[in-house]
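From first to last, the protein sequence lines stand for chains A and B.
If you're matching positions, the first sequence starts at 1 in the UniProt record's numbering and goes up one per residue.
If you're matching positions, the second sequence starts at 1 in the UniProt record's numbering and goes up one per residue.
Note that beta-carbon positions come from the ideal geometry of N, C-alpha and C, so glycine has one too.
Bear in mind that the values here come from a model prediction, so they are computed numbers and not experimental data.
Structure first, commentary second.
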Amino acid sequence: MNTTRSLASQILLLFVIIAVCVFPFYWMVTTSLKTQIVALEAPPVWIFEPTLNNYREALFEDGVLRTLINSLIIAISTTVLAIVLGVPAAFALARFEFRGKKDLWFWFITNRMVSPIVLALPFFLIARNLGMLDKHITLILIYLTFNLPIVIWIVTDQFRGIPYDLDEAARLEGASQFTIMRKICLPLAMPGVAVSAIFSFIFSWNELMFGLILTRSEAKTAPAMAVSFMEGYNLPYGKIMATSTLIVIPVLIFALLASKQLVRGLTMGAVK
Amino acid sequence: MRGQVSRRTVIGFIAPAVFGLAIVGIAPLLYAAWTSLHFFNLIKLKQVKFIGLENYWTVLTDEVFWQAMGRTFFLLCTALPLQLALGLGIALVLHKPGLTILKTLARLSLVLPMATTYAVVGLLGQVMFNQKFGVINQMLGGANINWIGDPTNAFAMIIFWDVWQWTPFVALVLLAGLTMVPGEVEEAARLETKSWWTVLRYVQLPFLLPGLVAVLILRTADTLKLFDMVFTLTRGGPGAATEFISLMIQRVGFRGFDQGLASAQAIILLIITIILAQIYIRVFYKEV
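Shown next, in the form of structure tokens:
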């Protein structure tokens, strides 16, 4: 009797957890399918005739499609760049002994914690002086400040897990360190590289503040676009939620794919 | 010896990353340090001049700066205990054996809030907490609460979303800790006592500690960084009720155009962050 009750309360609790996590997404998607008139009904209605109008208008008339493409270009480029720059450094941190290793490590970690506003002020002035405002490349570069550290941490961790015997054998054959990394260790470290790529993509895709400060129209990112709907008196709630849905769906898919490594990545490997 | 390679090899491997991060991470900071020593206003660029530490003096004696700092830590001190308590509860429920499918489903749902674009969380907040047609007031039995326009309520709403987004993180970190407890040890303990609290305190807690410290430090850093969600939800308002430190610096620098003062504030925030990172690295990366 007691165990049935405890089981029932456990099931109830689990349903509450799931409901609380998922409900905002349910509300976002249903609101995005409402016409402006239905969206502004008070109290809100739960059953209505859905329409895809908000998506059509947002994507093709207001230019959300272009901002999504901008976000995609920026997130993918910065991720690729972070991996190209980060993987060799991760290999060195995992495999070599050298002076200043600790300081290097510390510097990478500090970068993860620095508030973006600290960098946004000087970056804005520098970009303005160099005529680099509203350019994709500016965001691609600035996103390295958080992507490069995360790639380096995750991949260093992964390289550490690969036994030395493999590279020693290769070294006896006369292979260079670079060849050892590329031909032997990198293929084995691919899972870590993939996870760090997913993280880097999610962080860049989700970023708002730099996008807001450093872009105007040409390189405007999707989150910055969603925010720009918030101006004026009669807010187009359906359209805002349609844009939000379009922004959120890719990250949710990626996050679910990497769900097993999410905690490890977010704590920089402090929690396995 | 293992790991001994020539200096040149080391440089070859780390130079690209160091160079990349120096350009985007260090050069701007040096520029910010330079700006912070000047009178530097975006709409009075002709009058830029060196004023030494005056900006720093202004910041350190500025009530608004310390209020924003206090507000930021107040948010941390209200949201974090909630996240820890709820997160621990969720972790303990998920750690119990049985109901595998439902628990997997719950674990996957927990991933969603953490990954959600912060700006979207803020936009969702606008829609769900709207006084007239918001679903939250409807769920509260047709209440007529002004969430966004009232200072206290707006703050509560920010706490709500912070808790919604980051409790899952705490829960999953603690769950990872719980699964580290060797099965035999936990079973033996459960045979000894019926009290879950005793098991938690004496058997599981040691395994939870690293995760707890990580949560503490990372949530502190993230609260100092908090910008996107609050900006889209309240813009720091009403008044300055939800103006946390990053929002305040953004306002001073970009809406007040005083880059010199904002840079000094940013440098002070940076120093606080570096101290925090020091603690983090001391605790976690002893082996490096």
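Contact belief for residue i with residue j at Cβ below 8 Å, rounded distance in angstroms
i	j	result
VAL263 (chain A)	LEU172 (chain B)	5 Å
ALA120 (chain A)	ILE213 (chain A)	5 Å
VAL120 (chain B)	ALA226 (chain A)	7 Å
GLN158 (chain A)	PRO191 (chain A)	7 Å
ALA189 (chain A)	VAL155 (chain A)	6 Å
GLY20 (chain B)	LEU148 (chain A)	6 Å
residue 273 (chain A)	PHE129 (chain B)	Residue 273 (chain A) is absent from the model: chain A starts at 1 and stops at 272.
ASN146 (chain B)	GLN165 (chain B)	Contact doesn't hold; Cβ gap of about 23 Å is too wide.
ILE142 (chain A)	PHE123 (chain A)	6 Å
LEU42 (chain B)	PHE284 (chain B)	With a Cβ gap of about 40 Å, LEU42 (chain B) and PHE284 (chain B) do not count as contacting.
ALA75 (chain A)	PHE229 (chain A)	Contact flag wrong, Cβ pair sits at about 21 Å.
ALA222 (chain A)	ILE247 (chain A)	5 Å
Residue i, buried or exposed, once every other Cβ within 10 Å from all chains shown has been counted against 16
i	result
MET139 (chain B)	exposed
PHE15 (chain A)	exposed
VAL288 (chain B)	Low confidence applies here, because VAL288 (chain B) scores a pLDDT of 46, under 50, leaving its location unreliable and the question unanswered by this model.
ARG282 (chain B)	exposed
ILE17 (chain A)	buried
VAL45 (chain A)	exposed
TRP196 (chain B)	exposed
GLY253 (chain B)	buried
CYS185 (chain A)	buried
THR3 (chain A)	exposed
ALA6 (chain B)	Reading off the sequence shown, one finds Ser at residue 6 (chain B), where the question assumed Ala. That one is exposed.
ILE271 (chain B)	exposed
MET1 (chain A)	At MET1 (chain A), the pLDDT of 49 sits below 50, so the modelled position is not reliable; the number obtained from the coordinates is stated separately. Flag for MET1 (chain A) reads exposed.
GLY3 (chain B)	exposed
residue 292 (chain B)	There is simply no residue 292 (chain B) to check, as chain B begins at 1 and stops at 288 in what is shown.
MET268 (chain A)	buried
residue 299 (chain A)	In this structure chain A extends from 1 to 272, so residue 299 (chain A) is not present and cannot be described.
ASP103 (chain A)	exposed
ALA277 (chain B)	buried
ALA68 (chain B)	buried
Reference residue i, options the options, closest by Cα
i	options	result
PHE96 (chain A)	B:THR9, B:GLN278 and B:VAL185	B:THR9
LEU88 (chain B)	B:ALA240, B:LEU208 and B:THR242	B:LEU208
VAL224 (chain B)	B:THR273, B:HIS95 and B:GLN165	In the sequence on display, residue 224 (chain B) carries Leu and not Val. Selected option, being the one with the closest Cα: B:THR273.
ILE73 (chain A)	A:ASP62, A:LYS101, A:HIS136 and A:GLY174	A:HIS136
LEU81 (chain A)	A:ALA224, A:SER204 and A:VAL271	A:SER204
GLU54 (chain B)	B:ILE275, B:LEU269 and B:LEU261	B:LEU261
THR179 (chain A)	A:PRO88, A:ASN206 and A:ASN111	A:PRO88
GLN10 (chain A)	B:GLN259, B:ILE90 and B:MET248	B:ILE90
LYS96 (chain B)	A:ARG160, A:SER6, A:VAL84 and A:ALA127	A:SER6
ALA154 (chain B)	B:THR193, B:VAL213, B:ALA240 and B:THR100	B:ALA240
THR243 (chain A)	A:THR67, A:VAL22 and A:THR51	A:THR67
VAL170 (chain B)	A:ASP165, A:ARG216, A:VAL118 and A:VAL271	A:VAL271
GLY141 (chain B)	A:ILE240, A:PRO43 and A:GLN261	A:PRO43
Check: residue i C-beta below 7 Å from any heavy atom of the ligand SAH
i	result
VAL29 (chain A)	Questions concerning the ligand SAH fall outside what the structure shown contains, since it holds no ligand whatsoever.
Proximal residues of chain A, C-beta to C-beta of residue i below 7 Å
i	result
LYS132 (chain B)	ALA42
LYS225 (chain B)	SER115 and PRO116
ALA119 (chain B)	LEU208, PRO223, ALA226 and VAL227
SER246 (chain B)	SER115 and ILE117
VAL185 (chain B)	Within chain A, no residue comes near VAL185 (chain B); the closest Cβ sits about 18 Å away, beyond 7 Å.
TYR280 (chain B)	ILE109
GLY253 (chain B)	LEU121
SER195 (chain B)	Within 7 Å Cβ-Cβ: nothing; SER195 (chain B) doesn't reach chain A, min ~15 Å.
Contacts of residue i in chain A (Cβ-Cβ under 9 Å)
i	result
PRO16 (chain B)	VAL84, LEU85, GLY86, PRO88 and ALA89
VAL59 (chain B)	None at all; the shortest Cβ gap to chain A is about 13 Å.
8 Å Cβ cut-off: residues of chain B touching residue i
i	result
THR110 (chain A)	THR273, ILE274 and ALA277
ILE126 (chain A)	ALA27, PRO28 and TYR31
THR145 (chain A)	LEU21, VAL24 and GLY25
LEU104 (chain A)	ILE14 and VAL18
Amino acids of chain B, ordered along the chain, whose beta-carbon sits closer than 7 Å to that of residue i
i	result
GLN177 (chain A)	VAL5 and THR9
SER200 (chain A)	By Cβ distance, chain B contributes nothing, its closest Cβ being about 13 Å from SER200 (chain A), past 7 Å.
Where residue i meets chain B, residues with beta-carbon distance less than 9 Å
i	result
ALA255 (chain A)	VAL111, LEU112, MET114, ALA115 and THR116
Within chain D, partners of residue i - CB distance below 9 Å
i	result
LEU105 (chain B)	No chain D appears in the structure shown, which is made up of the protein chains A and B.
Per-residue contacts from residue i into chain A (C-beta, under 8 Å)
i	result
ALA142 (chain B)	Before going further, note that residue 142 (chain B) is Gly rather than Ala in the sequence given. Those within 8 Å of GLY142 (chain B) in chain A are PRO43.
ASP258 (chain B)	In chain order: nothing, as chain A lies at least about 10 Å away.
- Query: Which whole runs of the alpha helix (DSSP H) in the region 167–253 of chain B are 4 residues long or more, in chain order?
  - Reply: With a minimum length of 4 residues, the continuous alpha helix (DSSP H) runs that stay inside the region 167–253 of chain B are 183–192, 196–199, 205–225, 228–233 and 245–250.
Every unbroken alpha helix (DSSP H) inside the region 2–67 of chain B [4 residues or more]
7–21, 27–36 and 54–60
Just to confirm the assignment: which complete alpha helix (DSSP H) runs, minimum length 4, are found wholly within the region 25–91 of chain A? 36–39 and 53–56
Just list the alpha helix (DSSP H) runs in the region 148–235 of chain A, keeping only unbroken ones of 4 residues or longer that don't cross its boundaries, in chain order.
-> 164–172, 190–206, 209–214 and 222–228
Could I get the ranges of all uninterrupted alpha helix (DSSP H) runs contained in the region 91–174 of chain B, with 4 residues as the minimum, in chain order?
Restricting attention to alpha helix (DSSP H) runs no shorter than 4 residues, the region 91–174 of chain B encloses them at 100–115, 118–128 and 135–139, ordered along the chain.
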